[in-house]
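Residue numbers (this note's numbering): 2 to 259.
Beta carbons: idealized from backbone N, C-alpha and C, even for Gly.
All figures in this text were calculated on a predicted structure; none of them were measured in a lab.
The structure appears right after this line, and notes come after that.
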Amino acid sequence: MIYETLRLERRGRVGIVTLVRADALNALNERLMDELTHAVDVLEADAEIGCLILTGSGRAFAAGADIKEMAFKTYPQAYGEDFITRNWERITRTRKPVIAAVNGLALGGGCELAMMCDFILAADNARFGQPEITVGVMPGAGGTQRLARFIGKSKAMEMCLSGRMMDAAEAERCGLVSRIVPADQLLEEAIRTAEKIAGHPQPMVMLTKEAVNRAYETTLSEGVRFERRLAQSVFAFADQREGAVAFIEKRAPEYKHR
Ligand code: DAK
C-alpha cells in the first residue's frame, strides 16, 4: 500500500507511525484509517518489531473524525459500511504495545484514538477533548466509555457534555496520560521508552499487556486468576530462563524473544 496520510518508519525494534495530514490537523478520514489499519498489520506481522509509536505532525495528533467527510453521511450508509467498526479499532487488537505520543491537539476521534493505545505520552503543548457535541454529534469511537473508565465519571461527563478541552497538566493529574514531555523532545522520549519496552522479552511484554487490559474487562478476582495463569506460563519460555540466569551470573541478558 502506498501511504498518503501517514509515514511508517522503523528504528531498530520500534515501529513509528506518524500521521501526516497536517493541513487538516490530521483529521481522521477513511483513507487515513485504512492506511493506519494496514500499517499496524504490517508492524504486528514483523517479528523484528517489539513496540509501536503512533504520533501526529504539525499542530495536532489528530483533531477528530473528518467532519467534512461525515457531514452528509446517512444512517443507512453508516450502518451499511460499518462506520468506525470497520477500520478504526485495529489498534485495540494489537498484541504488541502501542504508545500514543500526543503532540498538540487530540480531539474527538483523535482523543479516542490515543485512548485506544496502551498509554499516552503527552507533549507539554498537548490538549485533549471530546468536542463532538459542539459540531452536532456525540463521541462514537469509544470516547464516552474509555474516558469514563480512565478519568472517572464527573470529568468525563463534563468533557463530553461541554466539549471543554483539557491541557497536558490536567490530563496528567487525572491519569489520562502517563507523563508530560517537552514538545521538542516528545518523539525522542517516546522512542527511548519504546526501545526499552522492545528490549524486554517479547512474550513477557505481550502477556503483561494482555493481563493489564483484562483489568478493564473483568472482576478483580477473575482478573487475578487470569494473571496467575499467565504468570505461571512464563516458565514455558526460554527468555524466562535467560533472564534469571543472566541475573545470577551478573551479566546482561540475551533474549531470543521466545
Ligand atoms: N475534520 C475536518 N477538517 C478539520 C478538522 C476535522 N475534525 N479539524 C480541523 N480541520 C481542518 C480545518 O477545516 C482547516 O482546513 P481548511 O479550512 O484550511 O481547509 C484546517 O484543518 C485547520 O483548522 P482551523 O483553520 O480550524 O485551525 P484553528 O487553529 O483555527 O482551529 C480547531 C483549530 C481544532 C479548534 C478547529 O480546527 C476545530 O474546532 N476543529 C474541529 C475539532 C472537532 O470538533 N473535532 C471533533 C470532530 S467530530 C461516530 C463515530 C465517531 C465520531 C462521530 C460519530 N459514529 C459511529 C456515528 C467522531 C466524531 C468527531 O471526532
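Item                                                                                                                                                   : Value
How is Ala195 classed by DSSP in three states: helix, strand or coil?                                                                                  : helix
Round the Cβ separation of Thr56 and Arg32 to the nearest angstrom and send it over; I've been treating them as touching at under 8 Å.                 : About 18 Å; that fails the 8 Å criterion.
Which residues does DSSP pair with Ser234 in a beta bridge?                                                                                            : In the DSSP output, where bridge partners are listed per residue, Ser234 has none listed.
Closest by CA to Ile68, which one among Asn30, Val225, Lys210, Arg193?                                                                                 : Asn30
Going by DSSP, what residues sit across from Cys175 in a beta bridge?                                                                                  : According to DSSP, which records beta bridges pairwise, Cys175 is partnered with nothing at all.
Ligand 1 and Glu133: does any heavy atom of the ligand fall closer than 7 Å to the residue's C-beta?                                                   : yes
Where does the unbroken alpha helix (DSSP H) through Glu10 begin, and where does it stop?                                                              : First-last for Glu10: 7–12, but that is the beta strand (DSSP E), not the alpha helix (DSSP H).
Mind checking who Ile54 pairs with in its DSSP beta bridge?                                                                                            : Ile17, Ile100
Starting from Ser81 and walking both ways along the beta strand (DSSP E), at which residues does that stretch end?                                     : The question names Ser, but residue 81 in the sequence shown is Gly. Premise fails: Gly81 lies in the alpha helix (DSSP H), 76–81, not in any beta strand (DSSP E).
Leaving out five residues before and five after Lys156 in sequence, what residues of the same chain have Cβ atoms less than 7 Å from its Cβ?           : Cys175
What span of residues does the beta strand (DSSP E) with Gly130 cover, start to end?                                                                   : 128–130
Taking Leu208 as part of the alpha helix (DSSP H), name the residues at either end of that continuous run.                                             : 203–215
Is Val21 near ligand 1, in the sense that its beta carbon is under 7 Å from a heavy atom of that ligand?                                               : no
Under 7 Å: does the beta carbon of Ile54 sit that close to some heavy atom of ligand 1?                                                                : no
Whole-angstrom Cβ separation of Leu108 and Ser58, contact assumed at under 8 Å?                                                                        : Not confirmed; about 16 Å, so no contact.
Relative to ligand 1, is the shortest distance from any of its heavy atoms to the C-beta of Pro77 smaller than 7 Å?                                    : no
What span of residues does the beta strand (DSSP E) with Val182 cover, start to end?                                                                   : 180–182
To the nearest angstrom, report how far apart Pro326 and Gly200 are at their CA atoms.                                                                 : Residue 326 is absent from the model: the chain starts at 2 and stops at 259.
Assign Ile121 to one of three DSSP states: helix, strand, or coil.                                                                                     : strand
Can you give me the Cβ contacts of Ser179 inside the same chain, cut-off strictly under 7 Å, excluding the 5 residues immediately before and after it? : Phe120, Ile121, Leu122
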